[in-house]
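A.B. asks: Going left to right, the sequence shown walks through residues 154 to 573 as my numbering numbers them. All C-beta atoms in this analysis are idealised placements derived from N, C-alpha and C, irrespective of residue type, glycine included. Here it is: the structure, laid out below.
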Amino acid sequence: MKTFDVVTTIGLGYIGLPTATLIAKSGIHVNGIDVNPKVVDAVNKGQIIIVEPDLDVLVKQVVEEKMLSAHLEPIRAEVYTIAVPTPFKGNHEPDISYVLAATNSIIPILEEGDLLVIESTSPVGTTEQVRDTIYSKRPELEEKLFIAYCPERVLPGNILYELKHNDRVIGGIDEESTQKACEFFRCFVQGELYKTNSRTAEMCKLVENSSRDVQIAFANELSIICDKAGINVWELIELANKHPRVNILTPGCGVGGHCIAVDPYFIVSEYPLESQIIGKAREINNYKAFWCVEKIKNAKLQYRLKYGNDPKIALMGMAFKPNIDDLRESPAKYIAQKVMQAEQNGMMVVEPNIAEHNIFKLTNYQEAFDRADIVVYLVAHDEFLKLPKVNDKLILDFCGISKRQVLIGVEYKKKSPIST
Ligand code: SAJ
154 MKTFDVVTTI
164 GLGYIGLPTA
174 TLIAKSGIHV
184 NGIDVNPKVV
194 DAVNKGQIII
204 VEPDLDVLVK
214 QVVEEKMLSA
224 HLEPIRAEVY
234 TIAVPTPFKG
244 NHEPDISYVL
254 AATNSIIPIL
264 EEGDLLVIES
274 TSPVGTTEQV
284 RDTIYSKRPE
294 LEEKLFIAYC
304 PERVLPGNIL
314 YELKHNDRVI
324 GGIDEESTQK
334 ACEFFRCFVQ
344 GELYKTNSRT
354 AEMCKLVENS
364 SRDVQIAFAN
374 ELSIICDKAG
384 INVWELIELA
394 NKHPRVNILT
404 PGCGVGGHCI
414 AVDPYFIVSE
424 YPLESQIIGK
434 AREINNYKAF
444 WCVEKIKNAK
454 LQYRLKYGND
464 PKIALMGMAF
474 KPNIDDLRES
484 PAKYIAQKVM
494 QAEQNGMMVV
504 EPNIAEHNIF
514 KLTNYQEAFD
524 RADIVVYLVA
534 HDEFLKLPKV
544 NDKLILDFCG
554 ISKRQVLIGV
564 EYKKKSPIST
């Protein structure tokens, strides 16, 4: 099998840097390229500016061993990987300009026999577009390069493990490209490598995240129906999931992050008439956050009508999912913004995973809980599970804290009637 000596990885973010590090660890020299001088400086000092367990130790090690170095401009290699962001524009259309800019930056240094792998989440057809872009500028290389698409599937917080152990889907622009890319990934991936073409591999990534979005939308829709029907949705889902072929996910305050809340639009924008369920799931998951805002405002109004004064409200959690510090596309942050736009009086914002925030003044979770008349659970952080169950406060539980408290045996602290 072919061995590889030098790789250039473009984009040293959440995916690119761990990937570059893992490749370097496998004994291949890696040139990491990033447009941000701060990232380049940090990596060359063996440091990182993102939060990911164990990555700092590994980066330091491979930099000290001179297996990884960072640069602002691409350096000649035999394999190039692209892991740059693909955001969407205002109208939810994918923006592949970073992928094309990365491609253009290496076109002058490409040579016959080189392999190029795109890892960025991309709309269907991107790899072919990259191929056409390269061959239009370097026609002498036509059919002499290997070009493939191989999406990542890692979960932030567990990236190093998953990069190595997850199965991968690899799709080339032709069979030779697929084969060559498989040989490359075999150098540092232990999971299975499944071969396909580039369009299927691109769609596969989009479909994985859309599938999860649709499933979460089902759970979120149930939570809204059950609220109207006077049914405890957590108990309902637990019971329904006793069926051997039913597995309903967990409702929350919406869907956040930079993947599941974004990738389905790459399908919807291209196939608007055909992607009815995928589009509707996006709507439902976005609506869930709006619904939570209305619930909080309504609870506040009810309290004011009953007691003649404003309640103190604790908004528990700002991250886009439990036990992380990442606020990107966070529905909890959106909810806090909307609720506080209306009125800031008596509002307390809690996020135990970050020390400070440039917009919100953060309150310690225990203090906020103790002082609050209304406790709103937005994110199921572990810290909140330890808080006592009380019935002298109104609890708005949008993320299933109460169910998890039952599982770990948290008892009621007081026995007075619910007062709203
Ligand atoms: N969520 C719920 N209920 C659930 C599960 C999740 O409301 O039952 C919410 C979370 O709170 C969060 C959002 O969904 O707001 C997304 O969280 P997640 O843990 O489902 O996914 P991400 O965005 O951290 O990572 C996803 C993963 N994709 C799939 O599970 C199909 C990961 O494997 C991908 O690599 C990643 O997207 C990516 O980079 O595309």
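In this structure, does DSSP put D535 in helix, strand or coil?
C.D. replies: For the purposes of this step, residue 535 is taken as residue 382 along the sequence shown, with counting starting at 1. In this structure, D535 counts as helix in the three-state DSSP scheme.
A.B. asks: At a cut of 8 Å, does the segment 324-334 reach the segment 348-357 through at least three beta carbon pairs?
C.D. replies: At 8 Å Cβ cutoff, the stretches touch.
A.B. asks: Exposed or buried, which one is P190 when buried takes at least 16 other CB atoms within 10 Å?
C.D. replies: For the purposes of this step, residue 190 is identified with residue 37 of the sequence shown, where counting begins at 1. That one is exposed.
A.B. asks: How many Å lie between S273 and G410 at the Cα?
C.D. replies: Mapped onto the sequence shown, residue 273 falls at position 120. Mapped onto the sequence shown, residue 410 falls at position 257. Roughly 16 Å separates the two Cα atoms.
A.B. asks: Closer than 6 Å: is that where the CB of R524 sits relative to any heavy atom of the ligand SAJ?
C.D. replies: Start at 1 with the first residue of the sequence shown, and residue 524 comes out as number 371. Not so, every heavy atom of the ligand SAJ lies at least 6 Å from the Cβ.
A.B. asks: Please indicate yes or no: does the CB of F337 lie closer than 6 Å to some heavy atom of the ligand SAJ?
C.D. replies: The residue given as residue 337 occupies position 184 in the sequence shown. Outside the cutoff, so no.
A.B. asks: Could you pull out every residue in the same chain whose Cβ sits closer than 8 Å to the Cβ of K568, ignoring the five residues on either side in sequence?
C.D. replies: Here the question's residue 568 lines up with position 415 in the sequence shown. Bear in mind that a pLDDT of 42 at K568, under 50, signals an unreliable position, so the model cannot answer this.
A.B. asks: So that I know if they touch, is there some Cβ in chain C lying closer than 7 Å to that of V215?
C.D. replies: The chain labelled as chain C is not found in the depicted structure, where only one protein chain is given.
A.B. asks: Any chance the segment 370-380 sits against the segment 427-445, with 3 or more Cβ pairs inside 8 Å?
C.D. replies: The answer is yes - the segment 427-445 touches the segment 370-380, with three or more Cβ pairs under 8 Å.
A.B. asks: Name, in chain order, the residues that DSSP records as bridge partners for I271.
C.D. replies: The residue given as residue 271 occupies position 118 in the sequence shown. Answer by DSSP bridge pairing, in chain order: I235 and Y302.
A.B. asks: Is M500 helix, strand or coil when you go by DSSP?
C.D. replies: Position 347 of the sequence shown, counting from 1, holds the residue named residue 500. Three-state result, M500: strand.
A.B. asks: Alpha carbon to alpha carbon, how far is L316 from L165?
C.D. replies: Along the sequence shown, one-based indexing puts residue 316 at 163. Along the sequence shown, one-based indexing puts residue 165 at 12. Whole-angstrom Cα-Cα distance: 15 Å.
A.B. asks: Under 6 Å from any heavy atom of the ligand SAJ, does the C-beta of G405 make it?
C.D. replies: In the sequence shown, counting from the first residue as 1, residue 405 sits at position 252. Yes - the ligand SAJ has a heavy atom lying nearer than 6 Å to the Cβ of G405.
A.B. asks: Give a yes or no on contact between the segment 491-510 and the segment 548-558, applying the rule of three or more CB pairs nearer than 8 Å.
C.D. replies: The answer is no - the segment 548-558 does not touch the segment 491-510, with fewer than three Cβ pairs under 8 Å.
A.B. asks: May I ask whether a heavy atom of the ligand SAM can be found less than 6 Å away from the beta carbon of F443?
C.D. replies: Among the ligands present in this structure, namely the ligand SAJ, the ligand SAM is not found.
A.B. asks: Relative to the C-alpha of P417, which residue among A489, F241 and D187 is closest?
C.D. replies: Here residue 417 refers to the residue found at position 264 of the sequence shown. Nearest of A489, F241 and D187 to P417, Cα basis: F241.
A.B. asks: In this structure, how does DSSP classify V160 when only helix, strand and coil are distinguished?
C.D. replies: Numbered from its first residue, the sequence shown carries residue 160 at position 7. Of the three classes helix, strand and coil, the one that applies to V160 here is strand, per DSSP.
A.B. asks: Taking the alpha carbon of Y518 as the point to measure from, which residue in S422, E295, L468 and S179 has its own alpha carbon closest?
C.D. replies: To locate residue 518, count along the sequence shown from 1; it is residue 365. Considering only alpha carbons, the answer is L468.
A.B. asks: May I ask which residues mark the beginning and end of the alpha helix (DSSP H) holding D550?
C.D. replies: Position 397 of the sequence shown holds residue 550. First-last for D550: L547 to D550, but that is the beta strand (DSSP E), not the alpha helix (DSSP H).
A.B. asks: When you compare only the Cα positions, how much space is there between L268 and A223?
C.D. replies: Here residue 268 refers to the residue found at position 115 of the sequence shown. Here residue 223 refers to the residue found at position 70 of the sequence shown. Each residue's alpha carbon lies about 20 Å from the other.
A.B. asks: Kindly indicate the opening and closing residues of the alpha helix (DSSP H) around A467.
C.D. replies: Counting from one through the sequence shown, the residue named residue 467 turns up at place 314. Looking at the DSSP string, A467 is not in any alpha helix (DSSP H); the run it does join, the beta strand (DSSP E), is I466 to M469.
A.B. asks: Excluding the 5 residues flanking S572 on each side, which residues of the same chain have their C-beta closer than 6 Å to its C-beta?
C.D. replies: Numbered from its first residue, the sequence shown carries residue 572 at position 419. Because the pLDDT of S572 is 35, which lies under 50, any placement of that residue in the model is unreliable, and the number read from its coordinates should be weighed accordingly. Hits under 6 Å: none found.
A.B. asks: Just to check, is the beta-carbon of N362 closer than 6 Å to a non-hydrogen atom of the ligand SAJ?
C.D. replies: For the purposes of this step, residue 362 is taken as the residue at position 209 of the sequence shown. Checking every heavy atom of the ligand SAJ against the Cβ of N362, one is found closer than 6 Å.
A.B. asks: Closer than 8 Å by C-beta to D535: which residues in its own chain qualify, once you throw out the five before and the five after it? Chain order, please.
C.D. replies: Against the sequence shown, residue 535 aligns to sequence position 382. The residues are P475 and N476.
A.B. asks: For the putative contact between K546 and Q558, defined by C-beta atoms under 8 Å, what is the C-beta separation to the nearest angstrom?
C.D. replies: Within the sequence shown, numbered from 1, the residue matching residue 546 stands at position 393. Within the sequence shown, numbered from 1, the residue matching residue 558 stands at position 405. About 14 Å; that fails the 8 Å criterion.
A.B. asks: Just the Cα atoms here: how many angstroms apart are P570 and A472?
C.D. replies: Along the sequence shown, read from residue 1 onward, the residue named residue 570 stands at position 417. Along the sequence shown, read from residue 1 onward, the residue named residue 472 stands at position 319. Low per-residue confidence applies at P570: pLDDT is 39, beneath 50, and the placement is therefore not dependable, though the value from the model is reported in the following sentence. About 32 Å.
A.B. asks: Measuring only the C-alpha atoms, how far is R229 from I378?
C.D. replies: The count along the sequence shown starts at 1 and reaches residue 229 at position 76. The count along the sequence shown starts at 1 and reaches residue 378 at position 225. For R229 and I378, the distance between alpha carbons rounds to 57 Å.
A.B. asks: Tell me whether A254 is buried or exposed, calling it buried when 16 or more other Cβ atoms sit within 10 Å of its Cβ.
C.D. replies: Numbered from 1 along the sequence shown, position 101 holds the residue referred to as residue 254. Per the 10 Å Cβ criterion, exposed.
A.B. asks: Closer than 6 Å: is that where the CB of G199 sits relative to any heavy atom of the ligand SAJ?
C.D. replies: In the sequence shown, residue 199 corresponds to position 46, counting from 1. No - the ligand SAJ has no heavy atom lying nearer than 6 Å to the Cβ of G199.
A.B. asks: Are the segment 304-319 and the segment 187-207 in contact at 8 Å, needing three or more beta carbon pairs?
C.D. replies: Because the criterion of three Cβ pairs below 8 Å is met, the segment 304-319 and the segment 187-207 touch.
A.B. asks: Closest to G562 by C-alpha separation, out of I548, L538 and L549, would be which residue?
C.D. replies: Working through the sequence shown from its first residue, we reach residue 562 at position 409. G562 has its Cα closest to that of L538, out of I548, L538 and L549.
A.B. asks: Using only the alpha-carbon positions, how far apart do G199 and K178 sit?
C.D. replies: Reading the sequence shown from its first residue, position 46 is the one you call residue 199. Reading the sequence shown from its first residue, position 25 is the one you call residue 178. So the alpha carbons of these two residues sit roughly 14 Å apart.
A.B. asks: If you run the structure through DSSP and keep just helix, strand and coil, what is Y251?
C.D. replies: To locate residue 251, count along the sequence shown from 1; it is residue 98. Y251 falls in the helix class under three-state DSSP.
A.B. asks: Quickly, what does DSSP pair V322 with across the bridge? List them, please.
C.D. replies: What you label residue 322 is simply residue 169 of the sequence shown in a count that begins at 1. Beta-bridge pairing links V322 to Y347.
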